[in-house]
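Everything on this sheet refers to the single structure shown next.
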Amino acid sequence: MNKHDTLIANLSRNLAPVEPPPNINRLAMAWFLLSAVYVVAVTQLFGPIRPGAISQLGTEPRFLLESLLGVAAILWTSLLAFRSAVPAALSKPFAAAGMVLMALWLGQYVFGLISPALEPSKLGMRHYCYFETLAYALPVILAGMFLLRRLYPLRPLRTAMSIGLAAGMLPALYMQLACMYEPSHILAYHILPGLLMVGVSAGIAAKWNPRRRNK
Amino acid sequence: MILNETFFMKAASEGIVPRHESDEQRWSTLMVSAQAGNESDYRQLLTELTDVIYSFLCSRFGKRHFIEDCVQEILMAIHQARHTYDRNRPFRPWLFAIVRHKAIDTLRKQHTRRKHTSQYIGEQEILAQTSQQSEAENEMTRGRLFESLSVPYREVLILTKIIGFSIAEAAEKLGISESLVKVRIHRAIHKLRQLMEADKL
């Protein structure tokens, strides 16, 4: 018996049934929706949203477009992150489309420095929006990693970074309604901490890797 | 289950179903059965896959010592990831995503293997004439992926991952800095990963 046969015999001995894989898209959608509800709820809990922000979505088409683009980019990134945790479930065009969408959304704010979607103002300013974005994103990342622990990401760091990006951008997007509207403030106090969560999730993934622990 | 396997094998041998498709269907059926806990189907699946993986790696990298380790790593990975196979998706992309990833991962993690140095007669000549095609390189270029690499990338991979020299030793033999060796290894592996991902199966 060669060493491959021995290994195969060991792997197949007392083989335990495994649960069928979850529908990865549904899992991603569920995580996204629950996370969105959580972010909205916790943000409301710690302070009111900017007065008139909701009505501006109806009256300012560019602001609406900017917000919808953000939702689409985060949703796509969530799908991307979960798909990357299953071998061969993530295609390159899908991943590229997600990155393009995210870049387009963030590009809106850079463009907003020249031509903002709304008249910049300090109305509705939250004093701790930077830390709020960081703090609200953390449980979302942990929830995502908890869901992903049963899957098999071939590149765990990349998967974790995608989860971190989606999780970090959720509160960053909601701050668009909850905090003051001013593109430079959005970039520095909402988007930047959101992006920082990519590094945080990579750090968590490096420390907590269930597959490595099982070896 | 046995009926299914017999049907697919017979159909493939008679040319009713192309070999590629019959393998695909059979492996998918065996994996679904393995997910339910069927030991014999799982054993058969892994046995069949071992040959396929071995041939795949040899055709890409040539017959190298790390191929054996790599096959074992891949079998372990398939075992750990078996719950992620979805019967509604094709089996081959799932399998080869794992194979490609693990192959590169194993190559990257190759440590110094002094014992393999003895495989090469006239080691000193190989080291003294790194600019020439060495025995190791000839062996290696039989794998078509390596043919695609440029000479500097191929050299560092041969010295560090195949022959088994340390970074410092490889740097000395090539007459370049250690950091440049590291950079070249990193780039060579990145290039190999790209080539593997672009590989049409």
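These protein sequence lines map, in sequence, to chains Y and H. Okay, so the first sequence: first residue is 1 according to this note's numbering, each after it adds one. Okay, so the second sequence: first residue is 1001 according to this note's numbering, each after it adds one. Virtual Cβ for every residue (Gly too), placed ideally from N, Cα, C.
First through last residue of the alpha helix (DSSP H) which encompasses D1086 of chain H:
Position 86 of the second sequence, counted from the start, is the residue given in the question as residue 1086 of chain H. From DSSP, D1086 of chain H is part of no alpha helix (DSSP H); its letter is neither H nor E.
Using a Cβ-Cβ distance cut-off of 8 Å, determine whether W1027 of chain H contacts chain Y.
On the second sequence, residue 1027 of chain H is found 27 positions in, with the first residue counted as 1. Output row for W1027 of chain H: interface = no.
Of all the options H:R1089, H:H1065, H:Y1054, H:C1070, which has the alpha carbon lying nearest to the alpha carbon of W1027 of chain H?
Working through the second sequence from its first residue, we reach residue 1027 of chain H at position 27. Checking every option, the nearest Cα to that of W1027 of chain H belongs to H:R1089.
Compute the distance between the beta-carbons of Y136 of chain Y and V42 of chain Y, then report whether it is under 8 Å.
Within the first sequence, residue 136 of chain Y is the residue found at index 136, counting from 1. Within the first sequence, residue 42 of chain Y is the residue found at index 42, counting from 1. Their beta carbons are under 8 Å apart, which means Y136 of chain Y touches V42 of chain Y by this criterion.
Applying the 10 Å Cβ sphere with the 16-neighbour rule, what's the burial state of A178 of chain Y?
Reading the first sequence from its first residue, position 178 is the one you call residue 178 of chain Y. It counts as buried.
Using a Cβ-Cβ cut-off of 8 Å, state whether V1181 of chain H counts as contacting chain Y.
Locating residue 1181 of chain H in the second sequence gives position 181, where the first residue counts as 1. For V1181 of chain H, the answer is no, since every Cβ of chain Y falls outside 8 Å of its Cβ.
Mind checking if L1075 of chain H is an interface residue toward chain Y, Cβ cutoff 8 Å exclusive?
Here residue 1075 of chain H refers to the residue found at position 75 when the second sequence is read from its first residue. So yes, L1075 of chain H belongs to the interface.
With a threshold of 7 Å on Cβ separation, who are the neighbours of R1184 of chain H within its own chain once the five nearest residues in sequence on each side are excluded?
To locate residue 1184 of chain H, count along the second sequence from 1; it is residue 184. For R1184 of chain H, where only same-chain residues beyond five positions count, the Cβ hits under 7 Å are P1152, Y1153, V1156.
Is there at least one Cβ from chain Y nearer than 8 Å to I1098 of chain H's Cβ?
By one-based count along the second sequence, residue 1098 of chain H stands at place 98. Answer yes: the Cβ-Cβ gap between I1098 of chain H and chain Y drops below 8 Å somewhere.
Using a C-beta to C-beta distance shorter than 9 Å, which residues of chain Y count as neighbours of Q1072 of chain H?
Numbered from 1 along the second sequence, position 72 holds the residue referred to as residue 1072 of chain H. Result: K3, H4, L7.
Closest by C-alpha distance to I204 of chain Y, when choosing among Y:I163, Y:I191, Y:A73
To locate residue 204 of chain Y, count along the first sequence from 1; it is residue 204. Answer by Cα proximity: Y:I163.
By DSSP, does F46 of chain Y sit in helix, in strand, or in coil?
Taking the first sequence and counting its residues from 1, one reaches residue 46 of chain Y at position 46. Residue state, collapsed to three classes: coil.
So which residues of chain H does L157 of chain Y contact, with C-beta pairs closer than 9 Å?
Position 157 of the first sequence holds residue 157 of chain Y. Correct list: empty, because the minimum Cβ distance to chain H is about 13 Å.
Measuring CA to CA, which of H:K1161, H:V1032, H:S1033, H:M1196 is closest to S1148 of chain H?
The residue you call residue 1148 of chain H lines up with position 148 of the second sequence. For S1148 of chain H, the nearest C-alpha among the options comes from H:M1196.
Can you find the residues in the same chain that come closer than 6 Å, C-beta to C-beta, to W76 of chain Y, ignoring five residues on each side of it along the sequence?
Residue numbering aside, residue 76 of chain Y sits at position 76 when the first sequence is read from its first letter. Same-chain partners within the cutoff: G98, L101.
Whole-angstrom distance between E1169 of chain H and V1181 of chain H, CA atom to CA atom:
To locate residue 1181 of chain H, count along the second sequence from 1; it is residue 181. To locate residue 1169 of chain H, count along the second sequence from 1; it is residue 169. Using only the alpha carbons, I get a separation of about 10 Å.
How is the alpha helix (DSSP H) around H1190 of chain H delimited, first residue to last?
Taking the first residue of the second sequence as 1, we reach residue 1190 of chain H at position 190. That run of the alpha helix (DSSP H) goes 1178–1198.
In chain H, which residues lie less than 7 Å from S12 of chain Y when you measure between Cβ atoms?
Against the first sequence, residue 12 of chain Y aligns to sequence position 12. Ordered by position in chain H, the residues that pass the 7 Å Cβ test against S12 of chain Y are E1039, Y1042, R1043, L1046.
So, does the CB of M1196 of chain H fall closer than 8 Å to a CB anywhere in chain Y?
Here residue 1196 of chain H corresponds to residue number 196 of the second sequence, with the count starting at 1. So, not an interface residue.
Which same chain residues end up closer than 7 Å to S78 of chain Y when comparing Cβ atoms and leaving out the 5 residues on each side of it in sequence?
Counted from its first residue, the first sequence places residue 78 of chain Y at position 78. Same-chain partners within the cutoff: A28, W31, F32, A166.
Own chain partners of S67 of chain Y with C-beta closer than 8 Å, once the 5 adjacent residues on each side are dropped
Against the first sequence, residue 67 of chain Y aligns to sequence position 67. Around S67 of chain Y: L57, L173, Q176, L177.
Short of 9 Å Cβ to Cβ, which residues in the segment 136–152 of chain Y face chain H?
R150, L151, Y152
Can you list, in chain order, the residues of the segment 76–102 of chain Y whose Cβ is nearer than 7 Å to any Cβ on chain H?
V86, P87, A88
Please report how far the alpha carbon of L1075 of chain H lies from the alpha carbon of G112 of chain Y, in whole angstroms.
Your numbering for residue 1075 of chain H matches position 75 in the second sequence. Your numbering for residue 112 of chain Y matches position 112 in the first sequence. Approximately 52 Å between the Cα atoms of the pair.
Closer than 8 Å, CB to CB, is E1024 of chain H near chain Y or not?
In the second sequence, counting from the first residue as 1, residue 1024 of chain H sits at position 24. No, E1024 of chain H does not count as interfacial toward chain Y.
Where E119 of chain Y falls: helix, strand or coil (DSSP):
For the purposes of this step, residue 119 of chain Y is taken as the residue at position 119 of the first sequence. In the structure shown, E119 of chain Y sits in coil (DSSP, three-state: anything other than H, G, I, E or B).
Helix, strand or coil for E132 of chain Y? Go by DSSP, reduced to three states.
On the first sequence, position 132 is the one that residue 132 of chain Y refers to. Helix, per DSSP.
Verify the CB distance criterion: does V18 of chain Y have a CB-CB separation below 8 Å to chain H?
For the purposes of this step, residue 18 of chain Y is taken as the residue at position 18 of the first sequence. By this cut-off, V18 of chain Y is an interface position.
Going by DSSP in three states, P20 of chain Y sits in which element: helix, strand or coil?
Residue numbering aside, residue 20 of chain Y sits at position 20 when the first sequence is read from its first letter. Three-state result, P20 of chain Y: coil.
Cβ closer than 8 Å: which chain Y residues qualify as neighbours of R1082 of chain H?
Reading the second sequence from its first residue, position 82 is the one you call residue 1082 of chain H. Residues of chain Y passing the Cβ test: V18.
Listing by chain order, which chain Y residues have their CB less than 7 Å from the CB of Y1153 of chain H?
Position 153 of the second sequence holds residue 1153 of chain H. The premise fails here: Y1153 of chain H is roughly 22 Å from chain Y at the closest Cβ pair, so nothing lies under 7 Å.
Find out if the Cβ-Cβ distance for the pair Y181 of chain Y, L104 of chain Y is shorter than 8 Å.
For this step, residue 181 of chain Y is matched to residue 181 along the first sequence. For this step, residue 104 of chain Y is matched to residue 104 along the first sequence. Not a contact, by the Cβ cut-off of 8 Å.
Any idea if P21 of chain Y is buried or exposed, counting beta-carbon neighbours within 10 angstroms, 16 or more meaning buried?
Indexing the first sequence from 1 puts residue 21 of chain Y at position 21. Result: buried.
Going along the chain, which residues of the segment 22–37 of chain Y sit with their C-beta nearer than 7 Å to a C-beta in chain H?
none
On the DSSP letters alone, give me the boundaries of the alpha helix (DSSP H) that Y174 of chain Y sits inside.
As a working mapping, residue 174 of chain Y is identified with position 174 in the first sequence. From DSSP, the alpha helix (DSSP H) with Y174 of chain Y extends over 156–178.
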